Structures are given as structure tokens and as C-alpha cells.
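Scroll down for the structure; my scribbles are underneath it.
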Amino acid sequence: MPSPLRFSVAALPELLIGLALLAGCQPTSDTTTEAASPQRPDAPSPLSDSVLSPPDTTANRFEAALETALSHRDDAGSIGALMQNVGRHFHGRPYRTGTLDAPETETLVVRFDGFDCVTFVETALALARSAQASDTTYAGFAGRLAEQRYRDGGSVGYCGRLHYFTEWITNNAKRERVRRLGAALGGRPLRDTLDFMSTHRSAYDRVATNDSLFACVQDMETRLQSKQRRNPVRYVPQDSIRAVYDQLRAGDIVALVSSIDGLDVAHTGLVYAHPDDRSSTFGLLHASLSDGVTVSPDLQRYVQTIDHQIGMVVARPQPVH
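For what it's worth, our numbering labels the leading residue of the sequence shown as 19, then goes sequentially.
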């Protein structure tokens, strides 16, 4: 989505490039699909008949990833641990920017050949949920991906996309896909200024020349700021992250808070529980701008060494009922 997220930020110019990211990666060998409105909030969004059978390259990558998810479904212990196993399946896949905004009109972009930081998290969650639901269909996976990406699991549309990741967390928490952990971790309230997209209009190709979409973005930001004032998202400051390691679990979704004006989150990933004897240290499994899908071995150290990142918001993926 061209959202203020889906990217790693080391400097403002790179940030501006990545901002249009919640829109997606440029489709090449994989496919884009269109999705309709979901029938129920707890069910995957139905897809049009034309996308029930994806192209061969996409199908092969999907089947391999789902096979990994299914093979760990019973031994993972939690959906978060299952997400960690799925994420490791994608190790080394390249970082791809701008995929969600590459189509001229809003479509559900599905990629397995590379990710930005948010599409990586979304894909791991949708695959884990499909495995837990014993749903081996591509349509079921794509429907789950769509209802995670769009507000209230609604129809695919630019204005319905969850561009700011704090809203992504809050909206998916409302539908019990994740659970916010800010209060439990003793987090501080996040500031309520969210206007990066409107104040950097030219960084978003679709918004730059479309007054209707720009007005939609402004309305969205006003609404989000009002909600944040009433029910603030809470974050753990970077120097306090290690102090909450004992409360983290494998596969917890981590959103790294930005110090840039008007922006909530600058990067996302998954808490990584090391399989060896470093049980007291957690890493970050994420799509890195420089290294693709990789593990940074110490979560706190990673946040402390990246410019413009000051802490983390955490959400725990919830099992499929």
C-alpha cells in the first residue's frame, strides 16, 4: 500500500521511496488478483472465478510455502511459532518495493518471490491461518490476505487499505486476528499526529494526481488521530525492549515506531525465538531493505542502531477458531 510503512528507513530519501509501499511490489512472475467483499468477518474474502487458479509460478511458490506451514502446524505450539517457521521458509527472498501500488487500479497483489516489510508479515500470517484452518486452497489464502490488508475485511480499494500500520494492528485486533500487547508491556502512549501521507502527497503516485483519493487520505488521517487520542496505541521505548523479552513469544508482530513527524511506524517484522541456547535473547525476522528476508539476532540492538526508530509496538497473532 503506499502507506507510510512497508519499508526499512535509514534516511528520509529512502523513507519517501518506501512510503508508497503499503501499495505493494511490482508484479513480475507472480500475480495480482481482484477480491470482492467478504461474507463474514471471520471468513476469507471470496475471490472472483478468474483468480481461483493462479499462474504456474505463483501456484508452485504458494504450494511450497503452504506445505511448510502444514508440516509445522501440529508441532509449532502456537500460531506465532508457526508464522516463524513460515517466515524462515522465505529466508533470502529479496526486498521488493512498491508492489501494492504498481497496478493502475487497486487489486489484491499476491507475491511469493519477494516482500516489503509489511507484505512479509501479512503473507506469513495468512499462510499460518490457512494451515490452522486446514484450508489448502489458493483462494482461501488470498481471501485471508485481503481481509487482513483492508479495513474491516472489506472490499479491495485504495481508501479501504490499512495504510498506517498502527491502524492495521488495531483493525485486525478488532477482528481477533491479533491482540495488542502495549498495555501489558507497560508501553507509553504513541503520539496522535498521523499526517505523513497527506503532507508528502507527491510521494504517492495515485494520490499525487487524484484529488478524490487525496481527500480520502485526509479523512482517514483525521479519523485515525481522533481514535488515537481516545484509545492510544502504546509502544515500548527502544532502551526498554530487552526488559520485556520474557513477555515476548515467537512470531509476535513487531512494528518499529518512527520519530519522523506524522509517521507512526517505519518497519515491521516478527519476533524470532532462537532455536539454540540463546533463549534469553530474541531476534527480528523481517524483510530487510538491504538483505531481504533475514534474521537480525538481537531485537533491541537492531532498533537502537537504525535511524528514526525509537521503540516498538507489539501484537500477538491469534489462533484460528
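We treat Cβ as the ideally placed atom computed from N, Cα and C, and that holds for glycine.
Computed from a predicted model, the values in this text were never measured in an experiment.
- [ ] Let me know the secondary structure DSSP gives ALA157 once reduced to three states.
- [x] In the sequence shown, counting from the first residue as 1, residue 157 sits at position 139. In the structure shown, ALA157 sits in a helix (DSSP, three-state: H, G or I).
Open item on the list: Ignoring anything shorter than 3 residues, give me the beta strand (DSSP E) runs that lie fully in the segment 210 to 298, in order along the chain.
Closed with: The DSSP assignment places complete beta strand (DSSP E) segments of no fewer than 3 residues inside the segment 210 to 298 at 252 to 255, 271 to 276 and 283 to 291, in order along the chain.
Open item on the list: Rounded to the nearest angstrom, what separates PHE214 and ASP93 at their Cα positions?
Closed with: By one-based count along the sequence shown, residue 214 stands at place 196. By one-based count along the sequence shown, residue 93 stands at place 75. Their Cα atoms are separated by approximately 42 Å.
Open item on the list: Assess contact between the segment 231 to 238 and the segment 251 to 266, defined as three or more Cβ pairs (one per stretch) separated by less than 8 Å. Is contact present?
Closed with: With the cut-off at 8 Å, the segment 231 to 238 and the segment 251 to 266 do not touch.
Task: Distance CB(ARG197)-CB(GLN336) smaller than 7 Å - done: Locating residue 197 in the sequence shown gives position 179, where the first residue counts as 1. Locating residue 336 in the sequence shown gives position 318, where the first residue counts as 1. In contact: ARG197 and GLN336 (Cβ atoms closer than 7 Å).
Open item on the list: Do LEU118 and ALA164 have their beta-carbon atoms positioned less than 7 Å apart in this structure?
Closed with: Reading the sequence shown from its first residue, position 146 is the one you call residue 164. Reading the sequence shown from its first residue, position 100 is the one you call residue 118. No, these two residues do not count as a Cβ contact at 7 Å.
TODO: For ARG179, count neighbouring C-beta atoms within 10 Å of its own C-beta (all shown protein chains included) and say buried if the count is 16 or more, exposed if not.
DONE: Working through the sequence shown from its first residue, we reach residue 179 at position 161. So ARG179 ends up on the buried side.
- [ ] Pull up the distance between the alpha-carbon of MET330 and that of VAL272, whole angstroms please.
- [x] As a first step, residue 330 must be located in the sequence shown, where it is residue number 312. As a first step, residue 272 must be located in the sequence shown, where it is residue number 254. Whole-angstrom Cα-Cα distance: 6 Å.
Open item on the list: Whole angstroms are fine: how far does the CA of THR115 sit from the CA of LEU39?
Closed with: Along the sequence shown, one-based indexing puts residue 39 at 21. Along the sequence shown, one-based indexing puts residue 115 at 97. At LEU39, the pLDDT of 40 sits below 50, so the modelled position is not reliable and the matter cannot be decided from this model.
Open item on the list: If I follow the unbroken alpha helix (DSSP H) through GLN322, where does it start and stop?
Closed with: The sequence position of residue 322 within the sequence shown is 304, counting from 1. It spans 317 to 323 - the alpha helix (DSSP H) in which GLN322 sits, taken as one unbroken run.
Task: Cβ-based neighbour list, THR211, same chain, cut-off 6 Å, excluding 5 preceding and 5 following - done: Translated into positions along the sequence shown, residue 211 becomes position 193. So the qualifying residues of the chain are GLY280.
Open item on the list: Which residues does DSSP list as the beta-bridge partners of THR312?
Closed with: Residue mapping note: residue 312 aligns to position 294 of the sequence shown, counting from 1. Assignment of beta-bridge partners to THR312 by DSSP yields HIS304.
Open item on the list: Buried or exposed, going by whether 16 or more other CB atoms sit within 10 Å of the CB of GLU85?
Closed with: Taking the first residue of the sequence shown as position 1, residue 85 is located at position 67. Exposed is the call here.
Open item on the list: Considering Cα atoms alone, identify which of ARG169, TYR320 and ALA149 is closest to HIS7.
Closed with: Lying before the first or after the last residue shown, residue 7 is absent from the chain, which here runs from 19 to 339.
Open item on the list: By alpha-carbon positions, which one of SER96, GLY175 and VAL262 ends up nearest to ALA202?
Closed with: Taking the first residue of the sequence shown as 1, we reach residue 202 at position 184. Closest by alpha carbon: VAL262.
- [ ] Locate the beta strand (DSSP E) running through ARG198, then write down its first and last residues.
- [x] Stepping through the sequence shown from its first residue, residue 198 is reached at position 180. Where ARG198 is concerned, the enclosing beta strand (DSSP E) stretches over 196 to 198.
Open item on the list: With the cut-off set at 7 Å, would you say ALA157 and LEU88 are in Cβ contact?
Closed with: In the sequence shown, counting from the first residue as 1, residue 157 sits at position 139. In the sequence shown, counting from the first residue as 1, residue 88 sits at position 70. In this structure, LEU88 does not lie closer than 7 Å to ALA157 by Cβ.
- [ ] Would you mind working out which of LEU208, LEU143, ASP325 and GLN236 sits nearest ARG219, comparing C-alpha positions?
- [x] For the purposes of this step, residue 219 is taken as residue 201 along the sequence shown, with counting starting at 1. The residue with the shortest Cα to Cα distance from ARG219 is GLN236.
Open item on the list: Does SER276 pass the burial test, meaning 16 or more other C-beta atoms within 10 Å, or should it be called exposed?
Closed with: Taking the sequence shown and counting its residues from 1, the one referred to as residue 276 is at position 258. Its Cβ being crowded by 16 or more others within 10 Å, SER276 is buried.
Open item on the list: Measuring straight from C-alpha to C-alpha, what distance separates ASP294 and PRO315?
Closed with: Sequence index remark: in the sequence shown, residue 294 carries index 276 (1-based). Sequence index remark: in the sequence shown, residue 315 carries index 297 (1-based). If I take the Cα positions, the gap works out to 12 Å.
Open item on the list: Please identify the residue among ARG193, GLU140 and VAL174 whose C-alpha is closest to the C-alpha of PHE183.
Closed with: Walking along the sequence shown from the start, residue 183 turns up at place 165. Ranking ARG193, GLU140 and VAL174 by Cα distance to PHE183 puts GLU140 first.
- [ ] Give the straight-line distance between the Cα atoms of MET19 and LYS192, rounded to the nearest whole angstrom.
- [x] For this step, residue 19 is matched to residue 1 along the sequence shown. For this step, residue 192 is matched to residue 174 along the sequence shown. A caution first: MET19 carries a pLDDT of 37, below 50, which makes its placement in the model unreliable, though a value can still be read off. Whole-angstrom Cα-Cα distance: 21 Å.
Open item on the list: On the criterion of 16 or more Cβ atoms from any shown chain inside 10 Å, does GLU239 qualify as buried, or is it exposed?
Closed with: Translated into the one-based positions of the sequence shown, residue 239 becomes position 221. Buried is the call here.
Open item on the list: Report the start-end ranges of each alpha helix (DSSP H) in the segment 86 to 173 that is 4 residues or longer and not cut off at the edges.
Closed with: Whole alpha helix (DSSP H) segments, 4+ residues: 97 to 107, 135 to 150 and 156 to 167.
TODO: Identify whether ALA333 lies in helix, strand or coil by the three-state DSSP scheme.
DONE: Your numbering for residue 333 matches position 315 in the sequence shown. ALA333: strand per DSSP, three-state reduction.
Task: C-alpha gap between HIS7 and MET101, whole angstroms - done: This structure cannot speak to residue 7, because the chain is shown only from 19 to 339.
TODO: Check ARG79 in the structure and name its three-state DSSP category.
DONE: The sequence position of residue 79 within the sequence shown is 61, counting from 1. Here ARG79 sits in helix by DSSP.
Open item on the list: Just list the residues that DSSP pairs ARG206 with in beta bridges.
Closed with: Locating residue 206 in the sequence shown gives position 188, counting from the first residue. DSSP, once it has assigned bridges, lists TYR253 as partnering ARG206.
- [ ] Could you work out which residue in GLY200, GLN246, GLU122 and GLY287 is closest to THR227 when comparing CA atoms only?
- [x] Along the sequence shown, read from residue 1 onward, the residue named residue 227 stands at position 209. For THR227, the closest alpha carbon among the candidates GLY200, GLN246, GLU122 and GLY287 is that of GLU122.
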